[in-house]
Amino acid sequence: MQGQTTGPFDQVTDMIKALISSLKDQANESVNKDQFCHDSMGQNRRERLDKKNTIDMKKSAMRFSSTAMSRLDGELTFLTNEIARLNELVTTAAAEKQGEQDRVNQEAEDHRLAVNIISEVMSVLTQLCELDGAPPVAAPAFLQTEKKTSSKSGAGMASTAKLMTKSLSKFSQCGEAVTLLQEGIDKFGEQDTAAAAYLSSFETLSGQEKTDAENSVAERTTEKTQKEASRAEQADAKATAEGDLESATNELSLIDEAKKQLEKDCGPGTETHEERQARRKEEIEDRKSVV
Numbered sequence: 037m038q039g040q041t042t043g044p045f046d047q048v049t050d051m052i053k054a055l056i057s058s059l060k061d062q063a064n065e066s067v068n069k070d071q072f073c074h075d076s077m078g079q080n081r082r083e084r085l086d087k088k089n090t091i092d093m094k095k096s097a098m099r100f101s102s103t104a105m106s107r108l109d110g111e112l113t114f115l116t117n118e119i120a121r122l123n124e125l126v127t128t129a130a131a132e133k134q135g136e137q138d139r140v141n142q143e144a145e146d147h148r149l150a151v152n153i154i155s156e157v158m159s160v161l162t163q164l165c166e167l168d169g170a171p172p173v174a175a176p177a178f179l180q181t182e183k184k185t186s187s188k189s190g191a192g193m194a195s196t197a198k199l200m201t202k203s204l205s206k207f208s209q210c211g212e213a214v215t216l217l218q219e220g221i222d223k224f225g226e227q228d229t230a231a232a233a234y235l236s237s238f239e240t241l242s243g244q245e246k247t248d249a250e251n252s253v254a255e256r257t258t259e260k261t262q263k264e265a266s267r268a269e270q271a272d273a274k275a276t277a278e279g280d281l282e283s284a285t286n287e288l289s290l291i292d293e294a295k296k297q298l299e300k301d302c303g304p305g306t307e308t309h310e311e312r313q314a315r316r317k318e319e320i321e322d323r324k325s326v327v
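Using this note's numbering, the first residue of the sequence shown is number 37, and each one after it goes up by one.
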C-alpha cells in the first residue's frame, strides 16, 4: 500500500478550511439572528396592539359601568322616595278610615242619646197632657163661633168657653209637640241610615286605596331589589375592569421595554443582515484566495 503524501501547506489549508466553515456558521447565525429580530419585532408589535385594544375595551367597560351605576342610583333614589310615599299613603288611608268610623260612630251615639232624651220628653208630655197617641184635635166649633147671649148668661158662657178653650189649646199644643218630637226622632233615624251607607262606601273606597298602595309598595320593593342587584353587578364589573386595566397597563409597559431592547439589539445602530453577509462573503473570498 502506497502511503499518502503531504505538502508543506496542508496544515495551513486545513486551518483555512476550518476558518471558512466557522465563517459560514457565523453567517448562518447571522441569518438566524436577523430572522429572530424580524419575528420578535412582529410579535412585539402584535402584542402591543393587542394590549392597547384590551386597555381601550377595559376603559370602555369602566365608562359603561359608571354610567349604568349613575343611572341606577337615580332610579334607586326615586324608588326609595316612592316607597316612602306609598307607605305614608297606606298609613294615611288607614288613619282616615279609622277617623271616619270614629266620627260616624260618635254621631250615631249622639243621636241615640238625643233620641232617648226626646223619647223621655214625649213620655212626660203624653202623661201630663193625658195623650193616648191620637193626633191633636181642634177646638169645638161652638167655641170658635161668636154667640149672642144675655148679659148674665153671656158672662157665664164666656167664662166656661174660656176655660174649655184653654184646656183644648193645651191639649192641641201637647199633641203638636209630641208630633214634632217624633219627627225629630225619625230624622235622626234617617241620618243614621245615611251615615251608615256613607261609612260603608267610604270603607270600601278607603280599603281599595290602601290595598292598591300596599300592592304598589310590594312592586316597588321588588323593583328596588332588582335595581340594587343590577348596581352591585355593575360595581363588580367596574372593579374587574379596573383590575384588568391595571394588569394590561403593566403588561404594555413590559412590552414597551421589550421593544426598546429589540430596537437596541436589532435597530439601525447595529450591522444589517446584508452588511454582515457582504462582510462574511468578502472574508471567505479572501481566505479562498490564500489557499
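Backbone N, C-alpha and C define an ideal beta-carbon position, used for all residues, glycine too.
Non-local beta-carbon contacts of phenylalanine 100 in its own chain, meaning distances under 7 Å to residues more than five positions away in sequence, are absent. Fewer than three beta-carbon pairs drawn from the stretch 231–249 and the stretch 103–117 are found closer than 8 Å, and the two stretches are therefore not classed as touching. In its chain, beyond the 5 residues on either side, Val253, Arg256, Thr257 and Lys260 have a beta carbon closer than 8 Å to the beta carbon of isoleucine 119. The residue from Glu287, Ala294, Asn286 and Gln270 with its alpha-carbon nearest to that of alanine 97 is Gln270.
Annotated as distal: leucine 288 and lysine 94, with beta-carbon spacing of 7 Å or more. Here cysteine 302 carries a helix assignment [DSSP, helix/strand/coil].
At the C-beta level, isoleucine 221 and isoleucine 153 stay beyond 7 Å of one another. By the beta-carbon neighbour count (other beta carbons within 10 angstroms, threshold 16), valine 214 is buried. In the three-state DSSP reduction, cysteine 165 falls in the coil class, being neither helix nor strand. Beta-carbon to beta-carbon, phenylalanine 224 and valine 151 are separated by about 5 Å, close enough to satisfy the 8 Å threshold. Of Gly211, Ala130 and Ile291, the smallest CA-CA separation from phenylalanine 238 is found for Ala130. Here alanine 265 is exposed, its C-beta having fewer than 16 other C-beta atoms within 10 Å. The stretch 128–147 and the stretch 229–243 touch, with no fewer than 3 CB-CB distances between them shorter than 8 Å. In this structure the stretch 76–84 does not lie against the stretch 270–285, because fewer than three pairs of beta carbons, one per stretch, are closer than 8 Å.
The beta carbon of asparagine 123 lies closer than 7 Å to those of Val253 in the same chain, with the five residues before and after it left out. In the same chain as threonine 127, and ignoring 5 residues on each side of it, no C-beta atom comes closer than 8 Å to its own. The beta carbon of isoleucine 291 is closer than 7 Å to those of Asn80, Glu83, Arg84 and Lys87 in its chain, skipping five residues each way along the sequence. Nearest neighbour of alanine 232 by Cα position, chosen from Ala144, Asp75 and Arg107, turns out to be Ala144.
Going by beta carbons, alanine 294 and threonine 90 fall outside the 7 Å limit.
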